[in-house]
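**Q**
There are 2 protein chains.
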Amino acid sequence: MIRLFIPHDLGPGAELALDRGQSHYLASVMRQGVGDEIALFNGRDGEWRATVTAVTKRAVGLRAEAPMRPQASGPDLDLVVALVKRGRLETIVEKATELGARRVRLTVTERTNADRARPERLAAIATEAAEQTGRLDVPQVTEPLKLGKLIEGWEPGRRLLFCDEAGGAPTVLEALKAEEPGPWAILIGPEGGFSPGERQMLRALPYAVAASLGPRILRADTAAISALTLWQAALGDWTVAAAP
Amino acid sequence: MIRLFIPHDLGPGAELALDRGQSHYLASVMRQGVGDEIALFNGRDGEWRATVTAVTKRAVGLRAEAPMRPQASGPDLDLVVALVKRGRLETIVEKATELGARRVRLTVTERTNADRARPERLAAIATEAAEQTGRLDVPQVTEPLKLGKLIEGWEPGRRLLFCDEAGGAPTVLEALKAEEPGPWAILIGPEGGFSPGERQMLRALPYAVAASLGPRILRADTAAISALTLWQAALGDWTVAAAP
């Protein structure tokens, strides 16, 4: 079933008109017509079965019929990632969405060699990935913030898994063995790694846990996906098998 | 240090000339000149420090100076993956290389909606990823084979982790808890999933273990990366932290 993330409120019998982009997608790309059923979610009201009630060139009308799943979100996990080249950053946002991160926070480190992100494009990628992966929310992608600023404003009580390729750190599963679920973040550095000063600063944070991602050098997108996977398997919503 | 995978034999004082593509890369893209040092590996003789001895428009000459690392390869792990769209297949080959798969075997299942791969392009991606990730070998990417044929010719003693999104399977870490290292393969289906007949056939294989990849729907590239990561963390070379 086609899933769409929409801004409108959802409730029994709610009528809504899609914007031009989603109308085009539904009518012209997916060839949906009056009477067809799709799923809607808005990040607040759960997932609803909806019927197409009108199709014109510019707008598709829908009526919410019945709730399918109550609103829920995954674990409280942020991915903090240093800016990397556009293609890899887009991969990271797509994969973080599939792997259940609640937020993607962009950061700029000393060795970051990219300095811009396109927040609207990244938000669109997160939305499309949320529709495809079956989530009921869309992760927020925040504007880039210097690493120092980000640490200065760190939320009390949020733990940090810091992927340190300098060697000597335990594996992720070892590092998380004695840890508890709760608010967490995963930090992935730029492809050139953290500077010695950054590493020292990070290692001194009382809420940070350093961990290694194996014996090979990983690209930033691979590191992000692997770390999210291991965190979900150790402390997140992959710890219990899905219901049949 | 720049790393290059080459076909030539390596030994003390070995002199060799790069082909046009690698010569162009080294001289024009990376701006290396006579006297500069790079690392060479061929998948057989370990990693060697080499000096640039000549730079002409068409050929760069190198001399192997001293061994840096003895030949080694990672765990005996195959990734068997159903053909998917070109971009995602290329991502899978790159990531399987970074995550230490020894071979990538392409397969065609009932619901596979791509039917071609470009073996030379995939081999080039595997080579570039091996150079970047620090491996001493390049994974072989094999020609697509129908899933039935592949199972018919299955190598005795090789176990199979089969990622089954139909629900009810244990998580990957649970499924691998009682398993031993040795020859393994991970099987990732197409984006439409396996057919009921394929699932039944796979579940009946005495050497297969079914496992789930969490509660969300993953794209094929994400599923491949997550499964490789969890296998390496449970049975592979991520079980011990890298030396400092």
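Sequence lines, in order, name chains A and B.
First residue of the first sequence: 1, per the working numbering; consecutive thereafter.
First residue of the second sequence: 1001, per the working numbering; consecutive thereafter.
Note that the Cβ used here is the ideal one computed from N, Cα and C, for glycine as well.
Note that this is a predicted model, so its numbers are computed, not measured.
Taking 8 Å as the threshold (beta carbon to beta carbon), is Pro1244 (chain B) in contact with chain A?
**A** Translated into the one-based positions of the second sequence, residue 1244 (chain B) becomes position 244. In this prediction, Pro1244 (chain B) has a pLDDT of 43, which is less than 50 and means its spatial position is unreliable; what the coordinates show is noted afterwards. So, interface residue.
**Q** Please state whether DSSP places Val1104 (chain B) in a helix, a strand or coil.
**A** Locating residue 1104 (chain B) in the second sequence gives position 104, counting from the first residue. It is a strand residue.
**Q** By a C-beta neighbour count over all protein chains shown, 10 Å radius and 16 as the cutoff for buried, is Pro1244 (chain B) buried or exposed?
**A** Against the second sequence, residue 1244 (chain B) aligns to sequence position 244. Note that Pro1244 (chain B) scores 43 on pLDDT, short of 50, meaning its location in the model is unreliable; the coordinates nonetheless yield the value given after this. Exposed, since its Cβ has fewer than 16 Cβ neighbours within 10 Å.
**Q** What do you get for Trp184 (chain A), buried or exposed, if any count of 16 or more other CB atoms within 10 angstroms of its CB means buried?
**A** Locating residue 184 (chain A) in the first sequence gives position 184, counting from the first residue. Buried, because 16 or more other Cβ atoms sit within 10 Å of the Cβ of Trp184 (chain A).
**Q** Report, in whole angstroms, the separation of the C-beta atoms of Gln1232 (chain B) and Leu1099 (chain B), which I expect to be a contact under 8 Å.
**A** The count along the second sequence starts at 1 and reaches residue 1232 (chain B) at position 232. The count along the second sequence starts at 1 and reaches residue 1099 (chain B) at position 99. With 8 Å as the limit, Gln1232 (chain B) and Leu1099 (chain B) qualify as a contact, their Cβ atoms being about 6 Å apart.
**Q** Using the DSSP secondary-structure output, state which residues sit across from Trp1048 (chain B) in a beta bridge.
**A** Taking the second sequence and counting its residues from 1, one reaches residue 1048 (chain B) at position 48. Bridge partners of Trp1048 (chain B): B:Leu1040 and B:Pro1067.
**Q** Return helix, strand or coil for Asp237 (chain A), following the three-state DSSP convention.
**A** For the purposes of this step, residue 237 (chain A) is taken as residue 237 along the first sequence, with counting starting at 1. In this structure, Asp237 (chain A) counts as coil in the three-state DSSP scheme.
**Q** Over the uninterrupted beta strand (DSSP E) stretch that includes Ile1125 (chain B), give me the two end residues.
**A** Here residue 1125 (chain B) refers to the residue found at position 125 when the second sequence is read from its first residue. From DSSP, Ile1125 (chain B) is part of no beta strand (DSSP E) but of the alpha helix (DSSP H) over Pro1119 to Thr1133.
**Q** Give a yes or no on whether 8 Å exceeds the smallest Cβ distance from Arg135 (chain A) to chain B.
**A** Residue mapping note: residue 135 (chain A) aligns to position 135 of the first sequence, counting from 1. It does; some Cβ of chain B falls within 8 Å.
**Q** Given the structure, does Ser212 (chain A) come close to the ligand NAP, in the sense that its CB is under 7 Å from one of the ligand's heavy atoms?
**A** Among the ligands in the structure shown, none appear at all, so the ligand NAP cannot be discussed.
**Q** By the 9 Å beta-carbon criterion, what residues does the stretch 1056-1077 of chain B contribute toward chain A?
**A** Of all residues in the stretch 1056-1077 of chain B, Gly1074 have a Cβ within less than 9 Å of some Cβ in chain A.
**Q** Suppose the cutoff is 6 Å on Cβ atoms and the five residues either side in sequence are ignored; what does the same chain contact list for Ala1297 (chain B) look like?
**A** The structure shown does not extend to residue 1297 (chain B), since chain B is modelled only from 1001 to 1244, so the question has no answer here.
**Q** In chain A, what lies closer than 7 Å to Gln1200 (chain B) by C-beta?
**A** Counted from its first residue, the second sequence places residue 1200 (chain B) at position 200. Here the premise fails: no neighbours, minimum Cβ distance about 15 Å.
**Q** Can you tell me which of the three DSSP states Leu1099 (chain B) falls into?
**A** Locating residue 1099 (chain B) in the second sequence gives position 99, counting from the first residue. Three-state DSSP puts Leu1099 (chain B) in coil, outside helix and strand.
**Q** Enumerate in chain order the residues of its own chain whose CB-to-CB distance from Gly43 (chain A) is below 8 Å, with the five nearest sequence positions on each side excluded.
**A** By one-based count along the first sequence, residue 43 (chain A) stands at place 43. Same-chain partners within the cutoff: Phe5, Gln71, Leu136, Asp137 and Val138.
**Q** Relative to the alpha-carbon of Gly1033 (chain B), which residue among B:Phe1041, B:Asp1045 and B:Ala1050 has its alpha-carbon at the smallest distance?
**A** Position 33 of the second sequence holds residue 1033 (chain B). Checking every option, the nearest Cα to that of Gly1033 (chain B) belongs to B:Ala1050.
**Q** Contact between the stretch 1157-1170 of chain B and the stretch 1119-1138 of chain B is defined here as three or more beta-carbon pairs at a separation below 8 Å; is this criterion met?
**A** These segments do not touch.
**Q** Name the DSSP bridge partner or partners of Arg1159 (chain B)?
**A** To locate residue 1159 (chain B), count along the second sequence from 1; it is residue 159. Partner(s): B:Trp1184.
**Q** Which residues of the stretch 1201-1218 of chain B have a Cβ closer than 7 Å to any Cβ of chain A? Give them in chain order.
**A** So the close ones are Ser1212, Gly1214, Pro1215, Arg1216, Ile1217 and Leu1218.
**Q** Using the rule of at least 16 other Cβ atoms within 10 Å of the residue's Cβ for burial, across every protein chain shown, is Thr56 (chain A) buried or exposed?
**A** The residue you call residue 56 (chain A) lines up with position 56 of the first sequence. Label assigned to Thr56 (chain A): exposed.
**Q** Under 8 Å between the Cβ atoms of Ala1175 (chain B) and Ala1211 (chain B)?
**A** What you label residue 1175 (chain B) is simply residue 175 of the second sequence in a count that begins at 1. What you label residue 1211 (chain B) is simply residue 211 of the second sequence in a count that begins at 1. Yes; because the gap between Cβ atoms is below 8 Å, this pair is in contact.
**Q** Would you list, in chain order, the members of the stretch 8-41 of chain A that have their beta-carbon closer than 9 Å to a beta-carbon of chain B?
**A** Residues passing the 9 Å Cβ filter: none.
**Q** Could you check which residue in A:Pro12, A:Leu40, A:Leu10 and A:Ala54 has the C-alpha nearest to that of Arg31 (chain A)?
**A** Here the question's residue 31 (chain A) lines up with position 31 in the first sequence. Ranking A:Pro12, A:Leu40, A:Leu10 and A:Ala54 by Cα distance to Arg31 (chain A) puts A:Ala54 first.
**Q** Tell me, please, whether the CB atom of Lys95 (chain A) is closer than 8 Å to any CB atom in chain B?
**A** Start at 1 with the first residue of the first sequence, and residue 95 (chain A) comes out as number 95. With 8 Å as the cut-off, Lys95 (chain A) counts as an interface residue toward chain B.
**Q** State the Cα-Cα distance for the pair Met1001 (chain B) and Gln1022 (chain B), rounded to the nearest angstrom.
**A** The sequence position of residue 1001 (chain B) within the second sequence is 1, counting from 1. The sequence position of residue 1022 (chain B) within the second sequence is 22, counting from 1. Approximately 15 Å between the Cα atoms of the pair.
**Q** What does the Cβ neighbour count give for Ala178 (chain A), buried or exposed, with the cut at 16 atoms within 10 Å?
**A** Translated into the one-based positions of the first sequence, residue 178 (chain A) becomes position 178. Burial call: exposed.
**Q** For Pro1215 (chain B), is the classification buried or exposed, using 16 other Cβ atoms within 10 angstroms of its Cβ as the cut-off for buried?
**A** Residue mapping note: residue 1215 (chain B) aligns to position 215 of the second sequence, counting from 1. Pro1215 (chain B) comes out buried.
**Q** Shortest alpha-carbon distance to Arg20 (chain A) belongs to which of A:Asp36, A:Ala59, A:Asp45 and A:Asp9?
**A** Translated into positions along the first sequence, residue 20 (chain A) becomes position 20. Taking only the C-alpha atoms, the option nearest Arg20 (chain A) is A:Ala59.
**Q** If the criterion is Cβ atoms closer than 8 Å, does the pair Pro1181 (chain B) and Leu1235 (chain B) meet it?
**A** Your numbering for residue 1181 (chain B) matches position 181 in the second sequence. Your numbering for residue 1235 (chain B) matches position 235 in the second sequence. Taking 8 Å as the Cβ cut-off, Pro1181 (chain B) and Leu1235 (chain B) qualify as a contacting pair.
**Q** In terms of residue numbering, what span does the alpha helix (DSSP H) encompassing Leu1173 (chain B) cover?
**A** Here residue 1173 (chain B) corresponds to residue number 173 of the second sequence, with the count starting at 1. Element bounds for Leu1173 (chain B): Val1172 to Leu1176.
**Q** Following the continuous alpha helix (DSSP H) through Glu198 (chain A), name the residue where it begins and the one where it ends.
**A** As a working mapping, residue 198 (chain A) is identified with position 198 in the first sequence. Element bounds for Glu198 (chain A): Pro196 to Ala204.
**Q** Quick check on DSSP: helix, strand or coil for Val1138 (chain B)?
**A** Translated into positions along the second sequence, residue 1138 (chain B) becomes position 138. It is coil, neither helix nor strand.
**Q** Could you spell out the range, first to last residue, of the beta strand (DSSP E) harbouring Glu1015 (chain B)?
**A** In the second sequence, counting from the first residue as 1, residue 1015 (chain B) sits at position 15. Looking at the DSSP string, the run of the beta strand (DSSP E) that includes Glu1015 (chain B) is Glu1015 to Ala1017.
**Q** Ignore the nearest five residues each way along the sequence and tell me which others in Pro75 (chain A)'s own chain have a CB closer than 8 Å to its CB.
**A** Along the first sequence, one-based indexing puts residue 75 (chain A) at 75. Around Pro75 (chain A): Gly100, Arg102, Pro181, Trp184, Gln232, Leu235, Gly236 and Asp237.
**Q** For Ser1195 (chain B), would you say it is in contact with chain A, using Cβ-to-Cβ distances shorter than 8 Å as the test?
**A** Reading the second sequence from its first residue, position 195 is the one you call residue 1195 (chain B). Cβ-Cβ to chain A under 8 Å: no for Ser1195 (chain B).
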